[in-house]
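To start, the structure under review is shown below, and the notes come after it.
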Amino acid sequence: MLAELGRLAFFDPSLSASGRQSCASCHDPAHAYGPPNALAVQPGGPDLGRYGGRAVPALRYLRRVPIWTHTQPGTFKERVEIGDNMPSGGYTWDGRFDRPATQAAFPLLNADEMANADAAAVAARLARSRYAARFREAFGTDILSRPDDALAALGQALERFQFDDPSFQPFDSKFDRVLDGKAGFSEQEARGYALFVDEQRGNCASCHPVDKGANGARPVFTDYNFQTLGVPRNAEIPANADPHYYDLGLCGPLRRDKRDEKSYCGMFRTPTLRNVAIRGAFFHNGRFHTLTDALRFYVQRDTNPEKWYPHPDGPQPFDDLPVEYQGNVDRRNAPMTNHRGGKPVWNDAEIADVAAFLGTLTDADARPVPRAP
Amino acid sequence: MSRKIKGAALATAVALGLCAGLGALVACSDDNHDDAIRTQQDIKHVFVITLENKDFEESFGTDKPASGQDTFLKQLATQGALLTEYFGTGHVSLDNYIAMMSGQPSTVDTETDCFGLWSDIVDDGNDETNAKVLKAGTDANGHAGGGCVYPARVKTFAHQLDAQGYSWKGYMGDMGNDLNRDGTMTCSFPTRTDLLAHKDISKTKDLTQNAQAAAASSDVKEDQYATRHNPFVYFHSIIDDTDYCDAHVVPLTYPDASGKGLEADLKSIDTTPNFVFVTPNLCDDGHDGDGTGAAGKGCKNGAPGGLASIDAFLQKWIPLIMASPAYQKDGLIIINFDESNASSSPMTTTFNSDYSQMNLTINLQGDSCCKQQAGPNVKRPDDQVLTTLPVAFASTLGIDTSKLPPSVKVIQIGMHYVGVGGDRTGAVLLSKAIKPGTVSYTGYNHYSLLKSLEDIFETGEYLGYADDEALLPFGDDVFTNLKK
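Protein chains in written order, with my numbering: chain Y, 498 to 870; chain U, 10 to 493.
This is the structure:
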């Protein structure tokens, strides 16, 4: 019941101020509930003339996202010993929501997205929807006269749809068939897989685990931890026209409760890599538009910084982080441990191999987005 | 034998009848002479609860920041015996637990909680100076004197109990909560988990080092079980017989609907093991969190952790144990800590010549008692480099980087082991064989605990470093209410 209500709402553009944008506009089921195009950020707002600030994540495989935590041992020695005990979990790039039900209100009210002025506006649109009666049946006849409760109820319905509908977790990629012994990797995919899990080279699996759980849980290719990768600034994002604006992820400005934790500045949550190969915008700011470029950035960030940053020798080599947070950038985990002039851990052929492996993570029904012009 | 049991059961029933109206936590009257504890060997049910990483002054003193978090534990200390000179035997956790249950000293890996490969200890014979102590060879991590899991010939206190016909169980908080993480609900250990996940066990690492938060969908369960606080699974003599291990190393509370666990086992003497070893989860044992309840300073489940969560755990379980027929008949509760919080010595800092690197050294004082020996596998003093961190990351560990010279880019963190012990932690013992308000100033440590357990259950021999003539078992200074 709730999941069906959630489905109706998910595909309902009348819930937006423009009347032309539903959840599915940015989270298109044809593209694994990810964006339907290669834009770094998606249009929205009352007339669809505004743009969001971050790349749209896909909504598949989110059932296992843990709540946001950063738990540390009480003793300093053990905090050091467990040095990789990073902040972890939560929904969206900065983990500020512990469940989809609470996350749902954000795009509904965000002026750059569905742009409802407030909960009352959402409730009013729900009251005019073709499923208003079913909504009242599920949540009480007076639910739509209580806007805050109606918005929360809508979140619950959307959560149930995302959690319960099989289309959000098909687990029917080639990788899954390989995992089940029903298919095999091509030679190139196998080479890519070997590089992906090699701790001395790609080391990708340290953040994007590939193994099944002991009780059969299929890997979703993320450990849900936060990292500061130092992804270059993306001029395609309108907000970045302001040189003083920085999206610092976990420490804000969108997330407000961790602003004083300076070590969090620049951290974003590791996304799933399932269906990554069909995307046209990579990383939190959509800075790269091909998977190959995204992979090349990983292995050449430190060996060839001039490829990625305008002033690699200046005080702000990582140009999308203020000077005071430059030290936050991950240089501890391979392959982000190389040095300028060093040999990248992968050559172009090996990058192609890893891309081929990542292609096996594409679900059977997922279609690639049109390439960027 | 059977006649003796029938007599004991009748006496228990009478004692319970007498106790029923008391409703108090304190042990019931032992006016019935069949239930009187005249010697330590009359104690037939021992409950050990091991907590984590607290200095004596925190747990039992008044002037440390956390001293106010454990009012219940402090109250318990006045109801039985407070052992003011009880010491841990190592830093960090795991080697302490192993010492308690086997008398074996640290290896290079057990003194660092086996963060590398979960490796077998290579049997390099016995220590030249103590034939009961295993000398460890070079393990799969390449560590001389290293390794995690003892070869099958190394026996534990559990085997001594078996030989005497006594029952035992290790109750592990949260074990099996999430089977994708822990593999099994009973007797969970990393290689077993990896085999279930079809992973290469030559590369197995312990993935239960960090607690796990739950997911909103309930697909992922909260799970704060830590293998390194479960001593029993570090012995091939236990884990190689999985049926045996499954029967003895169990969840504190089963996560299924069976209702099984310690609380159920306490309901009758027949179901209460003679020896109960309780390891709370990483929050309940005070390992995680600082106990203040401040946002972001707690456990994976939002509880405050530290001594505050220890106190909450004890407030639940101590009354349950004390109310059990087994405890009331002939029970002894031992509440100890594995080690101190290792903060008694200030850290030292040095800089390299251009001040780009700060070298931060954690000084592990490692105070000990009872002429504790380092054993054949580790040396004291010793120095190890733990890690090198970007200066910004260091602040996540609580290092105040704002006061450092701006030229510092990285911090190298090392440990300087001074002594072999785990510092003074104190311990509390509760029993009707102990007068309330007993305070002992005798030096004890985890080997003393083992020796005392071996005395109580008359095992006939002492394992490992428990077999040291200089080591005192708990004596008349502790058991102050033995009936004559």
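C-beta: ideal position from N, C-alpha, C; glycine also.
All values reported here derive from a predicted model rather than from experimental measurement.
Exercise for review: Check the Cβ-Cβ distances between Y:ASP595 and every residue of chain U, and say whether any is below 8 angstroms.
Suggested key: yes
Review point. Which one of U:VAL259, U:ASP297 and U:HIS296 has the shortest CA to CA distance from U:VAL285?
Key: U:VAL259
Exercise for review: Determine the extent of the beta strand (DSSP E) in which U:TYR180 is found, giving its start and end residues.
Suggested key: 177-181
Point to revise | Beta carbon proximity, Y:GLU578 to chain U, threshold 8 angstroms | key: yes
Review point. Excluding sequence positions up to five away, which residues of its chain have a Cβ less than 6 angstroms from the Cβ of U:ALA475?
Key: GLY112, TYR456, LEU459 and LYS460
Review point. For the region 340-407 of chain U, which segments carrying the alpha helix (DSSP H) assignment without a break, of at least 4 residues, lie completely within its bounds, in sequence order?
Key: 400-403
Practice item. State the Cα-Cα distance for the pair U:ASP129 and U:VAL158, rounded to the nearest angstrom. Key: 5 angstroms
Review point. Can you tell me the Cα-Cα spacing of Y:ASN613 and U:ASN310, whole angstroms?
Key: 34 angstroms
Check your understanding: Is DSSP giving Y:ARG547 helix, strand or coil here?
Key -> strand
Practice item. Scan the region 115-129 of chain U for residues whose Cβ lies nearer than 8 angstroms to a Cβ of chain Y and list them as they occur along the chain. Key: THR121, ASP122 and PHE124
Review point. Can you name the residues of chain U whose CB is closer than 8 angstroms to the CB of Y:GLY811?
Key: Chain U residues near Y:GLY811: none, gap ~16 angstroms exceeds 8 angstroms.
Point to revise | Inter-residue Cα distance where the pair is Y:PRO644 and Y:ALA635 | key: 15 angstroms
Exercise for review: Spatial neighbours of Y:LEU792 within its chain, please: CB distance less than 7 angstroms, with the 5 preceding and 5 following residues excluded, ordered by chain position.
Suggested key: ILE848, VAL851 and ALA852
Practice item. Report yes or no: is there a C-beta of chain U within less than 8 angstroms of the C-beta of Y:ASP744? Key: no
Review point. Cα separation between Y:ARG576 and U:ASP299?
Key: 12 angstroms
Point to revise | Listed by chain order, chain Y residues near U:GLN221 by CB distance under 8 angstroms | key: PRO563
Check your understanding: Residue range of the beta strand (DSSP E) that U:GLN421 falls in?
Key -> 419-426
Exercise for review: Using a Cβ cut-off of 7 angstroms, pull out every chain U residue sitting near Y:THR566, in sequence order please.
Suggested key: ALA222 and LYS309
Exercise for review: May I have the straight-line CA-CA distance separating Y:PRO482 from U:TYR450, to the nearest angstrom?
Suggested key: Chain Y is shown from 498 up to 870; residue 482 of chain Y falls before or after that span and cannot be answered.
Check your understanding: With 16 other CB atoms within 10 Å as the buried threshold, where does U:THR357 fall?
Key -> exposed
Exercise for review: Pull up the CB-CB distance for Y:LEU871 and Y:HIS528, whole angstroms please, since I reckon it's below 8 angstroms.
Suggested key: Because chain Y spans 498 through 870 in this model, residue 871 of chain Y falls outside it and cannot be assessed.
**Study point:** 7 angstroms Cβ cut-off: residues of chain B touching Y:ASP708
**Key:** Looking for chain B here will not work: the only protein chains present are Y and U.
**Study point:** Contacts that U:GLY315 makes with chain Y (C-beta to C-beta distance below 8 angstroms)
**Key:** GLY571
Review point. So, does the CB of Y:ALA500 fall closer than 8 angstroms to a CB anywhere in chain U?
Key: no
Check your understanding: At what residues does the alpha helix (DSSP H) containing U:ALA167 begin and finish?
Key -> 166-173
Review point. Under a three-way DSSP split, which group does Y:GLY637 fall into?
Key: coil
**Study point:** Nonlocal neighbours in the same chain, by C-beta distance under 8 angstroms from U:VAL35, ignoring five residues either side
**Key:** Here U:VAL35 scores only 44 on pLDDT, less than 50, and its place in the model is too uncertain to base an answer on.
Practice item. Report buried or exposed for U:ASP39, applying the criterion of at least 16 other Cβ atoms within 10 angstroms of its Cβ. Key: Caution is warranted here: a pLDDT of 45 is assigned to U:ASP39, below 50, making its placement in the model unreliable, and the coordinate value is therefore given only provisionally. U:ASP39 comes out buried.
**Study point:** Among U:ALA436, U:ILE443, U:GLU467 and U:GLY155, nearest to U:GLY452 - alpha-carbon criterion
**Key:** U:ALA436
Check your understanding: Are there 16 or more other CB atoms within 10 angstroms of the CB of U:GLU348, so buried, or fewer, so exposed?
Key -> buried
Review point. Is the Cβ-Cβ distance between U:ALA222 and Y:THR566 less than 8 angstroms?
Key: yes
Check your understanding: Which residues in the same chain have their Cβ closer than 7 angstroms to the Cβ of U:SER333, if we skip the five residues on either side of it in sequence?
Key -> LEU275 and THR281
Practice item. Whole angstroms is fine: what's the gap from Y:ALA778's alpha carbon to Y:ASP817's? Key: 17 angstroms
Check your understanding: Thinking C-alpha only, which one of U:CYS378, U:PRO74, U:TRP177 and U:ALA145 is nearest U:VAL57?
Key -> U:TRP177
Practice item. Using a Cβ cut-off of 8 angstroms (strictly closer), state whether Y:GLU575 contacts chain U. Key: yes
Review point. Just how far apart, CA to CA, sit Y:GLY727 and Y:GLU821?
Key: 13 angstroms
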